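Using my numbering, the letters of the sequence shown map in sequence onto residues 1097 to 1338. Where a beta carbon is used, it is the ideal one built from N, C-alpha and C, also for glycine. These figures come from a predicted structure and were not determined experimentally.
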Amino acid sequence: MADNNSRPADEVQGQAGAIENRERAANSPASQPIGKGMFGVTGSGDTSGFSGLVRRAPAIVETPRPYGGYFDEVVDALQEAYPAFHDAVEKIVVDRGELTIYIRAERIAEVCAVLRDDPSLRFELCNSVSGVDYIHDPRRLHVVYHLTSMTYRRRIRLEVAVSVDNPHVPSVTSVYPTADWQERETYDMFGVIFDGHPNLTRILMPDDWEGFPQRKDYPLGGVPVEYKGAEIPPPDERRAYK
């Protein structure tokens, strides 16, 4: 049987080049799922940090029973303790080993109170309140709550969605005081208005700042920087963004 030593050098090199080209094509951005990054950037290296990132699309449909683990117990306990369960809960999703209960925005404080106080639930700690902007959704602004039961050593996520035209969500500070500055940060970055918050002011940006920097349609902005005699333009002037 012939080996590489007995074959013409140009044939071996040609096959090696073909293999290399196939591997390069398989790993190229064009062969990967197309995702849209911040500020409308697609398919190129840029200053937004999304270059070459391949993201798996999150689950968006309700997960059928059984959910697995302690998730079924938590949902059953909440349904039993909260009479308005079916009116308040939009859907329940288990994805990446996490239970997410999607709540109607106007019901979030009520649900949190039940989750904290019911003896079979006891989610005493709100770890974080954060925002997400799904720019192509009608209700694009999402608020995510991570809750922990220190009694039962369990964790769940709650999520609500509102539109830019009506970005109002009841504050949960009366249930979880630790949400105070977290709601302020979500307001500052995403423009979600937490009704009933004791002092809803900006926490990172100046009080007179216009706009909400972590919304997907917020311009990059920036200031030019002088370095060793060279003038470096701000990020939004370095490339042509679509």
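Under a three-way DSSP split, which group does R1249 fall into?
The residue given as residue 1249 occupies position 153 in the sequence shown. Reduced to three states, the DSSP call for R1249 is coil.
Whole beta strand (DSSP E) runs in the stretch 1161 to 1196 with 3 or more residues, listed along the chain?
Entirely contained in the stretch 1161 to 1196, the beta strand (DSSP E) runs reaching 3 residues are, in chain order, 1185 to 1191.
How long is the line joining the alpha carbons of T1247 and R1334, rounded to whole angstroms?
Within the sequence shown, the letter at position 151 stands for residue 1247. Within the sequence shown, the letter at position 238 stands for residue 1334. Answer to the nearest angstrom: the Cα atoms are 52 Å apart.
Contact between the stretch 1160 to 1180 and the stretch 1220 to 1235 is defined here as three or more beta-carbon pairs at a separation below 8 Å; is this criterion met?
The stretch 1160 to 1180, when compared against the stretch 1220 to 1235, does not touch it at the 8 Å Cβ threshold.
Counting only the same chain and skipping the five closest in sequence on each side, list residues whose C-beta sits under 8 Å from that of E1322.
Position 226 of the sequence shown, counting from 1, holds the residue named residue 1322. Result list for E1322: I1328, in chain order.
Scan the stretch 1235 to 1308 and note each continuous alpha helix (DSSP H) run of 4 residues or more that stays entirely inside, going in chain order.
Here the runs fully enclosed are 1275 to 1286.
Three or more C-beta pairs closer than 8 Å, one from the stretch 1190 to 1206 and one from the stretch 1276 to 1286: is that the case here?
No contact exists between the stretch 1190 to 1206 and the stretch 1276 to 1286.
So if DSSP puts I1328 in a beta bridge, which residue, or which two residues, is it bridged to?
Mapped onto the sequence shown, residue 1328 falls at position 232. DSSP, once it has assigned bridges, lists V1321 as partnering I1328.
Which two residues bound the contiguous alpha helix (DSSP H) that contains V1207?
As a first step, residue 1207 is located in the sequence shown; it is residue number 111 there, counting from the start. Where V1207 is concerned, the enclosing alpha helix (DSSP H) stretches over 1204 to 1213.
Over what stretch of residues does the beta strand (DSSP E) that includes L1316 continue unbroken?
On the sequence shown, residue 1316 is found 220 positions in, with the first residue counted as 1. That residue, L1316, is in no beta strand (DSSP E); it is neither H nor E in DSSP.
Could you check if V1157 is buried or exposed, using at least 16 other CB atoms within 10 Å of its CB as the buried criterion?
Start at 1 with the first residue of the sequence shown, and residue 1157 comes out as number 61. It is exposed - the Cβ of V1157 has fewer than 16 other Cβ atoms within 10 Å.
Checking the sheet assignment: what are the DSSP bridge partners for D1229?
Locating residue 1229 in the sequence shown gives position 133, counting from the first residue. Beta-bridge pairing links D1229 to L1237.
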